[in-house]
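Student:
There are 2 protein chains.
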Amino acid sequence: MAPNSAEMLAAHYAVPMVGGVLNTLNVRLDAETLAYILEHSESSVLITHANYREAVTATVRRLQAAPQVIWFGAGAAEAAGHTGITLDDFLAGAPRAAAHSIQDEWQPICLNYTSGTTGRPKGVVYHHRGAFLNALGNVLTMGFRGDTRYLWVLPMFHCNGWTHTWAVTAAGGTHICVERTDPAAIMDALVHQRVTHLCCAPVVLYMLINDPVFAALRLQAPVVVGTGGASPSSKLISALESAGLRLIHLYGLTESYGPATHCSPGPDWGEISPREKSVRLARHGVPHVLASDLKIVGRDGAELPYDGESVGEIVLHGNTLMAGYYRDGPATEKAFEDSVFHTGDLAVRHENGEIEIRDRAKDLIISGGENIASVEIEHVLHEHPAVLLAAVVAMPHDKWGEVPCAFVELRPEAAPTSEEELIAHCRQRLAGFKRPKRIIFQSVPRTATGKIQKFLLRKVASELTLGRGE
Amino acid sequence: MAPNSAEMLAAHYAVPMVGGVLNTLNVRLDAETLAYILEHSESSVLITHANYREAVTATVRRLQAAPQVIWFGAGAAEAAGHTGITLDDFLAGAPRAAAHSIQDEWQPICLNYTSGTTGRPKGVVYHHRGAFLNALGNVLTMGFRGDTRYLWVLPMFHCNGWTHTWAVTAAGGTHICVERTDPAAIMDALVHQRVTHLCCAPVVLYMLINDPVFAALRLQAPVVVGTGGASPSSKLISALESAGLRLIHLYGLTESYGPATHCSPGPDWGEISPREKSVRLARHGVPHVLASDLKIVGRDGAELPYDGESVGEIVLHGNTLMAGYYRDGPATEKAFEDSVFHTGDLAVRHENGEIEIRDRAKDLIISGGENIASVEIEHVLHEHPAVLLAAVVAMPHDKWGEVPCAFVELRPEAAPTSEEELIAHCRQRLAGFKRPKRIIFQSVPRTATGKIQKFLLRKVASELTLGRGE
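Chains A and B supply the protein sequences, listed in that same order.
Following this note's numbering, the numbering of the first sequence begins with 1 at its first residue and continues without gaps.
Following this note's numbering, the numbering of the second sequence begins with 1 at its first residue and continues without gaps.
Pasting the structure below:
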């Protein structure tokens, strides 16, 4: 239970080296969920930053068999006065454990509990082999080297920082942790810490480019930015590039140790406009050299043609997939049905082998029998100058079954806009049946890692009623 | 049987993809040895450049069951008129074989017959897993990237080009093959092909820096040069650096898929003199991230201290070791005795974990009970301005058992020197018992890959007699 910090990074090495399994916790979870995870994972030791004293204390109180609590950071001594021990005292008293030689590459190295938008979180088990190979794939994708200076914006508790916790070190690079990851702190690190790489969710990048100071930023050397979860808009790409930040678009899941595919602008792209670049970068690219085999399959499990049109489910197979869900045989079996991992993501494959996600299977809107990808509508909304963030979900409709409903956060400094204006903006750019029937202006709920919580929006949308004739 | 060429590179992909095993042949071998290798390996197809028509024809004639011969390059059609088929005709007529999906990562991918300084060559079997992982280790060590332009000087038939045949492609880089690899052709490629990396034996580098044109070479961007087999001298390092070539010192064997360790100047070295750099670069460094575990062990198999003094044998264990010697169980068992691979190389380990080879076990000179590393004497001889190449072996001695005998090639343009002068040069820099007792001026015999053939020199030395009292 730790922020991005030297201790958190060290835990990624120390715990596996003594033969342990590292179970990183999302620091924004509530005590009930934390208690569930600690109990379900049978965690024996909880190393925690004293910042989370309140949540940790409440969590431990709920447990029948509480783990040993080891505190670090400001306030550690005080917290340890009540329960547990400080990390310094623990290390001073601990026997110098010999590095545990890994005898079986398939043995577990980490647990990552999924954020669990429905039901209880599932414990994704990583093995040494998969983590090792995915980290190396990331070295190649991101271009990590001995002179890499990697800024930690992505939380290390999220898929072990997409395995970059190990990848940066494998390349001999330098990890840079900063206390805050707001735009000011990120820009300060970019300039003063000579950062070469960083990764984060798009929502963090939107916050960054919308910061008034950002417009003046001109980095001396290019910085590689890895992102994933939503397609980068042309506005985002232009803004980042003018400052010297080069985007790589990644796709993956907790179950694939983070990034499985990448789309990086290459010399073959030539000089193209930001708009064209955004179309091209919206693709999720190809599996990295060490990643799983990837196929897009139809309902019958057969691979679909590389035509940029046939939509099917992405299934993965190969080296960089989880061992399974901890203590959940049925969910593991279902995920690996037919010996491939089912991502639940719907995509097309282009002629050159690049994939492009159309939607999460569950985020697809089916309107009058037609499939509507919520991301396509979100993409159009993001092109409007007033829109900071848009999320589209299905809302029930008597005639069409479902229709799109958009939730929009506006840029504070933008000229005011209206539901009518945004719908008109969509009408010009989308087929009629894809146009959102309602635009709700509100803050869009996100998880700790910046993922939009569509299940909450669906709940809101399900209670909306449309005016007559809409 | 091919020079560095597009066809040879393609074979590194095409043969494994159809489930075959690639057996690259040293193009300088005689027909008898070639016939032995083809027979022993049970090769079914021989793809060969027409340049080697004479040797191939003589080889095939010796075989009871000759493989199908497929010719490419200038003269292929004519050669095929007598026997076999051209590659073009073969490909035109062949069914489009579906890419063979590798079902078992331990299945063989390549055979590499060792040059066999004694007895018959041994067929080193590479498996997919080892080749794959060693190639990735080389990507990290050499710093291959998407913009890498790799000049092929090292023959691809030598350990599959140290697995760089796959490594450069894994990083998305470009392979550059040139017809000749003499100094003029190398310099031409460095300047006009914007080469970023090359690898070769030190003897090729000495040829390069001794070329009169080289002194004027000033490359615009630094080029990384990987070498191994003999420690780079300070003269070599200075000459290369002044042109813009940066040396990486590698160590490995055919059995370890080429490079297993590397020593690269890093920012922590600071500004040091070429002399200091040569001392530091003479070390063979540390295993690359994907290489085998490495230990230096004494006669009892126990690991020796990291003191820079205790000499023992290097043993390897782990991912990047051969499957074994093809159809040679006893040799395989001996090589893997006690579950580690015995390199036969003697080395010390420094406090920082770097290893430094003292000698091949069989190249060690034992004089009056004292061990003398032939490389130490060679190093001193290479510092003399007149010496182009020196090789030291044991010669029999009535009193001391063995004494060092040096074979020296002089630089053509250097001032003449004498046996006496070189012995005096050594006396100032070496303990008395390490001083070579004879200096023989002659061309030093090398293998096709530039390795000095000490067994030939030992034969010469064994027939020498020393003057009374020497």
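Cβ coordinates follow ideal geometry from the N, Cα and C atoms, glycine included.
Does the beta carbon of leucine 9 of chain B come closer than 8 Å to any beta carbon on chain A?
Tutor: Mapped onto the second sequence, residue 9 of chain B falls at position 9. No, leucine 9 of chain B lies away from the interface with chain A (no Cβ there is under 8 Å from its Cβ).
Student: DSSP on tyrosine 326 of chain B, reduced to helix/strand/coil?
Tutor: On the second sequence, position 326 is the one that residue 326 of chain B refers to. DSSP, reduced to helix, strand and coil, places tyrosine 326 of chain B outside both helices and strands of the structure shown, so it counts as coil.
Student: What is the DSSP secondary structure of isoleucine 186 of chain A, reduced to helix, strand or coil?
Tutor: On the first sequence, position 186 is the one that residue 186 of chain A refers to. Three-state DSSP puts isoleucine 186 of chain A in a helix.
Student: Using CA atoms only, rank isn't needed, just tell me which of B:Tyr13, B:Pro183 and B:Gln193 is closest to isoleucine 102 of chain B.
Tutor: As a first step, residue 102 of chain B is located in the second sequence; it is residue number 102 there, counting from the start. It is B:Tyr13 whose Cα lies nearest to the Cα of isoleucine 102 of chain B.
Student: Measuring only between beta-carbons, confirm whether threonine 117 of chain A sits less than 8 Å from chain B.
Tutor: Here the question's residue 117 of chain A lines up with position 117 in the first sequence. In this predicted model, threonine 117 of chain A has a pLDDT of only 49, less than 50, meaning its place in the structure is not dependable; the value taken from the coordinates is given anyway. So no, threonine 117 of chain A is outside the interface.
Student: Hey, is arginine 129 of chain B's beta-carbon within less than 8 Å of any beta-carbon in chain A?
Tutor: Here residue 129 of chain B corresponds to residue number 129 of the second sequence, with the count starting at 1. Interface annotation, arginine 129 of chain B: not in contact with chain A, CB-CB separation never under 8 Å.
Student: Once DSSP output is grouped into helix, strand and coil, what is the label at histidine 284 of chain B?
Tutor: Taking the second sequence and counting its residues from 1, the one referred to as residue 284 of chain B is at position 284. Histidine 284 of chain B falls in the coil class under three-state DSSP.
Student: Could you spell out where the alpha helix (DSSP H) holding lysine 459 of chain A opens and where it closes?
Tutor: Residue mapping note: residue 459 of chain A aligns to position 459 of the first sequence, counting from 1. Here the alpha helix (DSSP H) through lysine 459 of chain A covers 454-462.
Student: Quick check on the DSSP output: the beta strand (DSSP E) that includes aspartate 345 of chain B runs from which residue to which?
Tutor: Here residue 345 of chain B refers to the residue found at position 345 when the second sequence is read from its first residue. Secondary structure note for aspartate 345 of chain B: its beta strand (DSSP E) is the uninterrupted segment 341-349.
Student: Quick check on this structure: which residue in A:Gly143, A:Asp147, A:Leu198 and A:Ala189 has the alpha carbon closest to the alpha carbon of glycine 161 of chain A?
Tutor: Counting from 1 along the first sequence, the entry for residue 161 of chain A is found at position 161. Comparing Cα positions, the closest option is A:Leu198.
Student: Whole-angstrom Cβ separation of histidine 317 of chain B and glycine 285 of chain B, contact assumed at under 8 Å?
Tutor: Within the second sequence, residue 317 of chain B is the residue found at index 317, counting from 1. Within the second sequence, residue 285 of chain B is the residue found at index 285, counting from 1. Contact doesn't hold; Cβ gap of about 18 Å is too wide.
Student: Kindly say whether arginine 28 of chain B, judged by its beta-carbon, lies nearer than 8 Å to any beta-carbon of chain A.
Tutor: Position 28 of the second sequence, counting from 1, holds the residue named residue 28 of chain B. It does not: the Cβ of arginine 28 of chain B has no partner Cβ on chain A nearer than 8 Å.
Student: My guess is that tyrosine 206 of chain B and leucine 388 of chain B are in contact by the Cβ rule of under 8 Å, so how many angstroms apart are they, rounded?
Tutor: Numbered from its first residue, the second sequence carries residue 206 of chain B at position 206. Numbered from its first residue, the second sequence carries residue 388 of chain B at position 388. Distance from tyrosine 206 of chain B to leucine 388 of chain B at the Cβ level is roughly 6 Å; contact confirmed, criterion being Cβ atoms closer than 8 Å.
Student: Give the interface partners of leucine 364 of chain A over in chain B, defined as CB-CB distance under 8 Å, in chain order.
Tutor: The residue given as residue 364 of chain A occupies position 364 in the first sequence. Those within 8 Å of leucine 364 of chain A in chain B number zero; the least Cβ separation is about 31 Å.
Student: Output yes if chain A places a C-beta closer than 8 Å to the C-beta of arginine 145 of chain B; else output no.
Tutor: Against the second sequence, residue 145 of chain B aligns to sequence position 145. It does; some Cβ of chain A falls within 8 Å.
Student: Hey, leucine 236 of chain A and leucine 136 of chain A: beta-carbon distance below 8 Å or not?
Tutor: Start at 1 with the first residue of the first sequence, and residue 236 of chain A comes out as number 236. Start at 1 with the first residue of the first sequence, and residue 136 of chain A comes out as number 136. Contact flag unset, no.
Student: Leaving aside the five residues before and after arginine 446 of chain B along the sequence, list all residues of the same chain whose C-beta is less than 6 Å from its C-beta, in chain order.
Tutor: Stepping through the second sequence from its first residue, residue 446 of chain B is reached at position 446. Contacts found: Ile452.
Student: Return the residues of the region 170-185 of chain B that lie within a Cβ-Cβ distance of less than 9 Å from chain A, sorted by chain order.
Tutor: Result list: Ala170, Ala171 and Gly172.
Student: Can you say whether serine 374 of chain B is buried or exposed, counting buried as having 16 or more other CB atoms within 10 angstroms of its CB?
Tutor: Against the second sequence, residue 374 of chain B aligns to sequence position 374. With 16 or more other Cβ atoms within 10 Å, it is buried.
Student: Just how far apart, CA to CA, sit glutamine 220 of chain A and glutamine 193 of chain A?
Tutor: Stepping through the first sequence from its first residue, residue 220 of chain A is reached at position 220. Stepping through the first sequence from its first residue, residue 193 of chain A is reached at position 193. In a straight line, the C-alpha of glutamine 220 of chain A is about 12 Å away from that of glutamine 193 of chain A.
Student: Tell me which residues share the same chain as proline 305 of chain A and place their Cβ nearer than 8 Å to its Cβ, disregarding the 5 neighbours each side in the sequence.
Tutor: As a first step, residue 305 of chain A is located in the first sequence; it is residue number 305 there, counting from the start. Only Arg349 meet the Cβ criterion.
Student: Check the Cβ-Cβ distances between glycine 270 of chain B and every residue of chain A, and say whether any is below 8 Å.
Tutor: Here residue 270 of chain B is taken as the residue at index 270 of the second sequence, counted from 1. Cβ-Cβ to chain A under 8 Å: no for glycine 270 of chain B.
Student: Tell me which residue opens and which closes the beta strand (DSSP E) that histidine 127 of chain B is part of.
Tutor: Locating residue 127 of chain B in the second sequence gives position 127, counting from the first residue. Histidine 127 of chain B -> beta strand (DSSP E) spans 123-127.
Student: Can you tell me the Cα-Cα spacing of glycine 301 of chain A and proline 385 of chain A, whole angstroms?
Tutor: In the first sequence, residue 301 of chain A corresponds to position 301, counting from 1. In the first sequence, residue 385 of chain A corresponds to position 385, counting from 1. Cα-Cα distance, rounded: 42 Å.
Student: Between valine 392 of chain A and chain B, is the shortest Cβ-Cβ distance under 8 Å, so that the two count as touching?
Tutor: For this step, residue 392 of chain A is matched to residue 392 along the first sequence. For valine 392 of chain A, the answer is no, since every Cβ of chain B falls outside 8 Å of its Cβ.
Student: Glycine 266 of chain A CB to nearest chain B CB: under 8 Å?
Tutor: The residue labelled residue 266 of chain A in the question sits at position 266 within the first sequence. Interface residue, yes.
Student: Do alanine 46 of chain A and leucine 38 of chain A have their C-beta atoms closer together than 8 Å?
Tutor: Here residue 46 of chain A refers to the residue found at position 46 when the first sequence is read from its first residue. Here residue 38 of chain A refers to the residue found at position 38 when the first sequence is read from its first residue. As written in the sequence, residue 46 of chain A is leucine, which differs from the alanine given in the question. Yes; because the gap between Cβ atoms is below 8 Å, this pair is in contact.
Student: For threonine 227 of chain B versus leucine 247 of chain B, is the C-beta spacing smaller than 8 Å?
Tutor: By one-based count along the second sequence, residue 227 of chain B stands at place 227. By one-based count along the second sequence, residue 247 of chain B stands at place 247. Cβ atoms of threonine 227 of chain B and leucine 247 of chain B: closer than 8 Å.
Student: Here's a check: name, in chain order, each residue in its chain whose Cβ is nearer than 7 Å to the Cβ of serine 238 of chain A, leaving out the five neighbours to either side.
Tutor: Position 238 of the first sequence, counting from 1, holds the residue named residue 238 of chain A. Result list for serine 238 of chain A: Pro274, in chain order.
Student: Can you find a CB in chain A that lies within less than 8 Å of the CB of valine 289 of chain B?
Tutor: Translated into the one-based positions of the second sequence, residue 289 of chain B becomes position 289. For valine 289 of chain B, the answer is yes, since a Cβ of chain A falls inside 8 Å of its Cβ.
Student: Go to methionine 1 of chain B, then tell me how far its beta strand (DSSP E) extends in each direction, as first and last residue.
Tutor: To locate residue 1 of chain B, count along the second sequence from 1; it is residue 1. Per DSSP, methionine 1 of chain B belongs to no beta strand (DSSP E) and is neither H nor E.
Student: Specify the secondary structure class of histidine 158 of chain A as computed by DSSP and reduced to three states.
Tutor: Taking the first sequence and counting its residues from 1, one reaches residue 158 of chain A at position 158. Correct three-state label for histidine 158 of chain A: coil.
Student: Just to make sure I have the definition right: I need the residues of chain A whose C-beta is within less than 7 Å of the C-beta of leucine 136 of chain B. Which are they?
Tutor: Here residue 136 of chain B refers to the residue found at position 136 when the second sequence is read from its first residue. Contact annotation for leucine 136 of chain B against chain A: Leu136 [CB-CB distance below 7 Å, chain order].
Student: Relative to the C-alpha of tyrosine 113 of chain A, which candidate in A:Val21, A:Leu464 and A:Pro202 has its C-alpha closest?
Tutor: Along the first sequence, read from residue 1 onward, the residue named residue 113 of chain A stands at position 113. Nearest of A:Val21, A:Leu464 and A:Pro202 to tyrosine 113 of chain A, Cα basis: A:Val21.
Student: Taking only beta-carbon positions, decide if valine 139 of chain A is within less than 8 Å of chain B.
Tutor: Start at 1 with the first residue of the first sequence, and residue 139 of chain A comes out as number 139. Yes, because at least one Cβ of chain B sits closer than 8 Å to the Cβ of valine 139 of chain A.
Student: What is the DSSP secondary structure of aspartate 293 of chain B, counted as helix, strand or coil?
Tutor: Taking the second sequence and counting its residues from 1, the one referred to as residue 293 of chain B is at position 293. Here DSSP, grouped into helix, strand and coil, assigns aspartate 293 of chain B to strand.
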